[in-house]
Amino acid sequence: MKKQWRLRYFLLAILIAFNAVFLSLITISLYSVVHVTVTEQTRATRLHALDANQRQISNLLRQIEETGLAVSTNPKLREVLSGAPMTAEIYSHVFSLREIDYWLTGYTAVKPEVRSIKVYSIKSIPSISELILPASSIPWGEEAAKLLGEFDSIWMPVRNEGKLVSEPVLTYVMKIFNQRGELTGYVEINLKEKVLQSLLQTGKENAVSNEVFLLLDPKNRLMSTVFSPESGDMERHKNWLKGIGYENDDQISIVDIDKESYMYIYSSEGTGSWRLVNIIESQEVYKYANKLRNIVLLTGLFALLLTVPVAFYLSKRIIRPVSMLLQGFEKVKSGNFNERMDQNFIIEFHELLQSYNLMVRRLQMLLEQLEEEHRAKRDAEVNMLQSQINPHFLYNTLDTMNWMAAVQGAMDVSRMAANLARLFRISMGKGGPFIRLKEEMEHAATYVLIQQERFNDKFSYSVKIDTEYSLYYVPRIILQPFIENAIIHGFEDLEEGHARIVIKAEPLEEQSFRLIIEDNGSGLSNESMSTIGTGIAYGSGGYGITNVNQRIQLFFGSNYGVSLQNLEKGGVRVQIILPVIRSLAEIEIWERTNRLTVNGGDGRHESYYCGG
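Under the UniProt record's numbering, the first residue of the sequence shown is numbered 1, with each subsequent residue one higher.
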């Protein structure tokens, strides 16, 4: 059995559940909208700032490269780096070194973003300048040497430069060739990293904690880190940074690294350009969205808590008519039909309460009517018992006549009296309006014996019914009226020995069967058929077709009953359709389910039951 709920608690649970689902959907929707909005705003703002900063840095790096080109193509520098001077040329060589030293120092002075410019000579030359050094003092390492073996100029990642006071610098190195195309040295220009930071000052306006800017060269090498996060650990980002594609249209990515979520925003200026990457912790970007989510959740929780007392009041108010109905039904169960419901301002409940009032009034009227019918039924039973006194007296008188005739030797009279007494006994037997088919056939056979005594065996009578059918229950006296009509009206003009009556049974569908009574008499005239169709009984027995047909239909409904037709070779075929009833319990079911009400001739409605 399914779990049952009280209506009030059921409505309360539904109301609270609905509000919870509704508030959850609102919260999720708001959070999603804010999440998307913040993402798009962050994308637009950061990309715009990154593109501007990237252009500034690209211009700065281009200036450094142009400076390197200017230094590497300086005629005096190329001449000095060509080889050791002759003794006579020492003075001129020293003068050229001083001039180059002043020139490089002047470059550094007018370009504050440059920390230093150094020249490394492959050939051994005398030098009095700290800016022109031998190749043996190159500090770049194997990776730079390998790159310089492939390219004429390279950029190196940020490193510390300086002996006494070191400073992080971004280094640009370019080869120096003489007029014969021979490599004679390298020019090194060190760009201050803090200059890059100064160019990204606009980024600080929208900066968040744990934010970092990365500068990548065209080969995705990490060249500089600006605004390092508090952790200071960039190694875990390198593997992801290697996978950034320059032709990727999506310039924002959400990446999970070591169970932490980061937003990567990077500029894109096409192949061969430097790139800025802005790394932000996702929780910092969405902290305002999370605050809004928390506010919405708290508001929803407060609204949900407020819903509980409101739901209690509304549920009590809504189910009040239902409680009144339940109380009314309890009073009806106890036999009190005087309870009436008041009006309600809700239309549906008003109709429900008024329907209850109408039902109680009708139920009260039906009970009064039922009591009246039971009273009439009891009166009818008493009258029936009284009416049975004369038939019983007649049966006892016939039985006495039978014994007196037998004593005096009048055997014909004795048989007639005995069959007639037997006929009365079956007709008045106990068991109500139903008997087994074998008893009904016995009643019909007894009537046939009486008529054969009367007509000196001028007709034959045969029964072709299987034993199975003889155990079915049928209404009393449904065969005798048709046998009587066949004998009295159908055999008047037939010669002796040719008249016959045959009774048989056949199965039908849906738990029903039919009894067939056939004779070879003169049949029914057109006038008789028309009178039969109007429901007028014919015959002298007082039962007739209408009596039998009405009783069957009162018992079982309009799907069952009697039909007649003339046979081609003469005679009448009577067909009686009946349901299959094998026990008295099935008769009780028919009595409960097939009560019929017919309209009497005086306008009253009379009730009939299948029971006696």
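Every residue gets a Cβ at the ideal spot worked out from N, C-alpha and C, and that includes glycine.
{"Item": "Would you grab the beta carbon distance between residue 101 and residue 129 for me? Rounded to a whole angstrom, and I think it's under 8 Å.", "Value": "4 Å"}
{"Item": "To the nearest angstrom, report how far apart residue 93 and residue 48 are at their CA atoms.", "Value": "52 Å"}
{"Item": "Applying the 10 Å Cβ sphere with the 16-neighbour rule, what's the burial state of residue 18?", "Value": "exposed"}
{"Item": "Whole angstroms are fine: how far does the CA of residue 45 sit from the CA of residue 98?", "Value": "50 Å"}
{"Item": "What are the start and end residues of each continuous alpha helix (DSSP H) run of 4 or more residues lying completely inside the segment 62-86, in chain order?", "Value": "75-80"}
{"Item": "In three-state DSSP terms, what is residue 519?", "Value": "strand"}
{"Item": "Report the CB separation of residue 107 from residue 171 in whole angstroms; it is logged as a contact under 8 Å.", "Value": "Between residue 171 and residue 107 the Cβ distance is about 15 Å, and since that is not below 8 Å, they are no contact."}
{"Item": "If you follow the alpha helix (DSSP H) that residue 469 is in, where does it begin and where does it stop?", "Value": "467-470"}
{"Item": "With a threshold of 9 Å between beta-carbons, can residue 545 be considered close to chain C, or not?", "Value": "In the structure shown, chain C does not exist; there is a single protein chain."}
{"Item": "Would you mind listing the alpha helix (DSSP H) stretches within the segment 129-172 that are 4+ residues and don't spill past its ends, in chain order?", "Value": "142-148"}
{"Item": "Are the beta-carbon atoms of residue 356 and residue 328 separated by less than 9 Å?", "Value": "yes"}
{"Item": "Report back the beta-carbon spacing between residue 307 and residue 15 to the nearest angstrom; my notes put them in contact at under 8 Å.", "Value": "7 Å"}
{"Item": "To the nearest whole angstrom, what separates the beta carbons of residue 54 and residue 276, a pair I think is in contact under 8 Å?", "Value": "5 Å"}
{"Item": "Following the continuous alpha helix (DSSP H) through residue 450, name the residue where it begins and the one where it ends.", "Value": "437-455"}
{"Item": "Restricting to runs no shorter than 4 residues, where is the alpha helix (DSSP H) found entirely within the segment 254-295?", "Value": "282-285"}
{"Item": "Counting Cβ pairs closer than 8 Å, one from the segment 133-141 and one from the segment 32-39, do we hit at least three?", "Value": "no"}
{"Item": "Hey, out of 437, 11 and 113, whose CA is closest to residue 57's CA?", "Value": "113"}
{"Item": "Would you mind reading off the limits of the alpha helix (DSSP H) that contains residue 486?", "Value": "From DSSP, residue 486 is part of no alpha helix (DSSP H); its letter is neither H nor E."}
{"Item": "Starting from residue 424 and walking both ways along the alpha helix (DSSP H), at which residues does that stretch end?", "Value": "411-427"}
{"Item": "Rounded to the nearest angstrom, how far is the Cβ of residue 161 from that of residue 169, given a contact under 8 Å?", "Value": "5 Å"}
{"Item": "Just tell me which of 473, 417, 220 and 351 has its CA closest to the CA of residue 266.", "Value": "220"}
{"Item": "Skipping 5 residues on each side, what residues in its chain have a beta carbon closer than 7 Å to that of residue 13?", "Value": "none"}
{"Item": "Please list, in chain order, all residues of the same chain as residue 311 whose beta carbon is under 7 Å from its beta carbon, the five residues on each side excluded.", "Value": "12, 15 and 16"}
{"Item": "Would you report the Cα separation of residue 256 and residue 36, rounded to the nearest angstrom?", "Value": "19 Å"}
{"Item": "Could you please give me the residues that DSSP links to residue 506 through a beta bridge?", "Value": "514"}
{"Item": "Would you identify the three-state DSSP class for residue 114, choosing helix, strand or coil?", "Value": "strand"}
{"Item": "What does a CB cutoff of less than 7 Å around residue 579 pick up in its chain, not counting 5 residues either side in sequence?", "Value": "511, 512, 556 and 560"}
{"Item": "Taking just the CA atoms, how far does residue 78 sit from residue 179?", "Value": "8 Å"}
{"Item": "Quick one: what does DSSP say residue 525 is sitting in, helix, strand or coil?", "Value": "coil"}
{"Item": "Rounded to the nearest angstrom, what separates residue 491 and residue 462 at their Cα positions?", "Value": "16 Å"}
{"Item": "Can you say whether residue 454 is buried or exposed, counting buried as having 16 or more other CB atoms within 10 angstroms of its CB?", "Value": "exposed"}
{"Item": "May I ask you to check if the CB of residue 24 is nearer than 8 Å to at least one heavy atom of the ligand FMN?", "Value": "Here there are no bound small molecules, and the ligand FMN is not part of this structure."}
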